[in-house]
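The block underneath contains the structure these notes are about, expressed in structure tokens.
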Amino acid sequence: MVLVYMEANNDLRYEALTSINRMEKGAKDIDGILLVYIKTSSVRSYLLKIKYDPDENRITSDTVKTYQSSATSDPEFLKDVVSNAQKEYPAETYGLVLWSHATSWAPPSSAIVKTKSFGRDNGEEMDIIDLKNALPNNLEFLIFDACSMGGVEVLYEFKDKANYIIASPAETIAESFPYQYITPFLFKGSDQLKDVAQAYYDYYNSYTDDRQSATVSLIKTSQLPQLASEMKSLMIRTKVYGDQFTTTNIQRLDFTLGFPVANYDYGDFLDHNWQQQELRSIYSQLKKVILYQAATPNFLGKPIKAFSGITCYIPYYNDINLTYYKRLQWYTASGFNILFEK
Numbered sequence: 001m002v003l004v005y006m007e008a009n010n011d012l013r014y015e016a017l018t019s020i021n022r023m024e025k026g027a028k029d030i031d032g033i034l035l036v037y038i039k040t041s042s043v044r045s046y047l048l049k050i051k052y053d054p055d056e057n058r059i060t061s062d063t064v065k066t067y068q069s070s071a072t073s074d075p076e077f078l079k080d081v082v083s084n085a086q087k088e089y090p091a092e093t094y095g096l097v098l099w100s101h102a103t104s105w106a107p108p109s110s111a112i113v114k115t116k117s118f119g120r121d122n123g124e125e126m127d128i129i130d131l132k133n134a135l136p137n138n139l140e141f142l143i144f145d146a147c148s149m150g151g152v153e154v155l156y157e158f159k160d161k162a163n164y165i166i167a168s169p170a171e172t173i174a175e176s177f178p179y180q181y182i183t184p185f186l187f188k189g190s191d192q193l194k195d196v197a198q199a200y201y202d203y204y205n206s207y208t209d210d211r212q213s214a215t216v217s218l219i220k221t222s223q224l225p226q227l228a229s230e231m232k233s234l235m236i237r238t239k240v241y242g243d244q245f246t247t248t249n250i251q252r253l254d255f256t257l258g259f260p261v262a263n264y265d266y267g268d269f270l271d272h273n274w275q276q277q278e279l280r281s282i283y284s285q286l287k288k289v290i291l292y293q294a295a296t297p298n299f300l301g302k303p304i305k306a307f308s309g310i311t312c313y314i315p316y317y318n319d320i321n322l323t324y325y326k327r328l329q330w331y332t333a334s335g336f337n338i339l340f341e342k
């Protein structure tokens with residue numbers, strides 16, 4: 001059973017309805033249940049059971065539940081929706097797609113940042129740690145159909161929630177994943193998840209205008225702890241309290257003006273801050289973490305010259321985000337704390 005949780009009580013209403021129509025188009029002969037929780041207004045929201053319909057101009061799926069005045073950005077509400085869906089439609093495996101706005105791991109509030117990490121329901125958004133705590137631990141895969149959730153901090157935070165994660169290290173175009181193509185792959189086992197990621201890339205790469213903008217990666221979460229261990233070993237060998245990283249000329253993968261936190265390509269970050277001979281083991285592990293990665297040559301007209309498959313943040317002294325960043329599991333597991341704690 002796959003559940004798509006769509007927070008669209010915002011400027012993505014039209015795109016959400018289009019995505020549902022495309023799911024219906026792609027749902028022919030799927031081996032399982034596809035559910036969509038959808039909210040496009042403050043009055044009520046719905047749980048749909050998707051059924052095949054090739055007409056992209058109408059939604060014909062069955063409404064199996066109606067929610068009154070629900071708060072989709074309340075983590076307890078999300079938890080209830082996911083739990084009830086699994087209870088009502090038990091299956092051998094479960095997948096979850098989180099569909100909405102997102103801003104990586106950006107903290108809930110600060111003197112500068114006025115945003116949160118996932119979703120947007122009538123202006124209210126959800127903290128990434130609260131989101132993680134709301135999810136069950138039994139997911140075969142988790143797909144972020146949302147901007148900039150392919151950062152190592154985000155992936156590490158959700159590593160115990162799903163065996164595999166598909167996410168975009170950069171922003172995602174509002175047109176969303178091409179569900180008319182990927183829906184069948186969601187029900188064919190973990191081996192087909194590469195096809196989901198590749199279909200996303202191929203869809204956007206086929207454009208010839210600025211919509212030729214996509215980054216995507218498939219992550220094997222069981223390999224993330226060893227990546228953190230390799231990173232920590234590198235930090236212990238080469239860094240001491242008070243050292244600072246360079247950020248000069250490192251590929252940025254946040255392309256939206258005013259994006260709340262900087263997303264640097266992880267591999268480019270490593271290359272600019274260490275010698276290549278120091279990076280062999282961590283790059284070897286990175287290949288085990290990332291099962292598929294792809295990026296278009298440009299994103300919204302800006303070149304992507306370096307792409308390793310995931311991004312990272314580079315914290316610094318007097319960083320307004322550092323207090324929150326320290327709450328993320330990656331901060332300590334990867335040894336970043338060595339720079340800021342005696």
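Letter by letter, the sequence shown follows residues 1 to 342 of UniProt numbering.
By construction, the Cβ of each residue, glycine as well, lies at the ideal position given by its N, Cα and C atoms.
Asp145 classed as buried or exposed, judged by whether at least 16 other C-beta atoms fall within 10 angstroms:
Here residue 145 refers to the residue found at position 145 when the sequence shown is read from its first residue. Looking at its Cβ environment, which holds 16 or more other Cβ atoms inside 10 Å, Asp145 is buried.
Could you compute how far the alpha carbon of Gln226 sits from the alpha carbon of Arg327?
The count along the sequence shown starts at 1 and reaches residue 226 at position 226. The count along the sequence shown starts at 1 and reaches residue 327 at position 327. One C-alpha to the other measures close to 20 Å.
So Leu155 and Ile166 are supposed to be a Cβ contact under 8 Å. How far apart are they, rounded?
Here residue 155 is taken as the residue at index 155 of the sequence shown, counted from 1. Here residue 166 is taken as the residue at index 166 of the sequence shown, counted from 1. Between Ile166 and Leu155 the Cβ distance is about 11 Å, and since that is not below 8 Å, they are no contact.
Tell me whether the stretch 128-142 and the stretch 28-39 touch, counting them as touching only if at least three CB pairs, one residue from each stretch, are closer than 8 Å.
no
At 4 residues or longer, and completely inside the stretch 161-230: list those alpha helix (DSSP H) runs for me, N to C.
179-182 and 193-205
Short of 7 Å in beta carbon distance, which residues of its chain neighbour Asp246, apart from the five on each side in sequence? Order them along the chain.
For this step, residue 246 is matched to residue 246 along the sequence shown. Correcting the residue type first, residue 246 is Thr in the shown sequence and not Asp. Correct list, in chain order: His272 and Asn273.
Excluding five sequence neighbours on each side, which residues of the same chain lie with their C-beta closer than 8 Å to the C-beta of Phe340?
Sequence index remark: in the sequence shown, residue 340 carries index 340 (1-based). Annotation for Phe340: Tyr241, Pro315, Tyr317, Leu322 and Lys326 place their beta carbon closer than 8 Å to its own, counting only its chain and skipping 5 residues before and after.
Per the DSSP calculation, Val240 is bridged to which residue(s)?
Taking the first residue of the sequence shown as position 1, residue 240 is located at position 240. Val240 pairs with nothing; no bridge assigned.
Round the Cβ separation of Gly95 and Glu56 to the nearest angstrom and send it over; I've been treating them as touching at under 8 Å.
Position 95 of the sequence shown, counted from the start, is the residue given in the question as residue 95. Position 56 of the sequence shown, counted from the start, is the residue given in the question as residue 56. Incorrect: roughly 23 Å between the Cβ atoms, too far for contact.
Within the continuous alpha helix (DSSP H) that includes Glu76, where are the two ends?
For this step, residue 76 is matched to residue 76 along the sequence shown. Glu76 -> alpha helix (DSSP H) spans Pro75 to Glu88.
Are three or more beta carbon pairs between the stretch 79-98 and the stretch 9-21 nearer than 8 Å?
no
The beta strand (DSSP E) spanning Gln68 covers which residue range?
Here residue 68 corresponds to residue number 68 of the sequence shown, with the count starting at 1. Start and end: Asp62 to Gln68.
Classify Val43 as buried or exposed, calling it buried when 16 or more other Cβ atoms lie within 10 Å of its own Cβ.
Numbered from its first residue, the sequence shown carries residue 43 at position 43. Label assigned to Val43: exposed.
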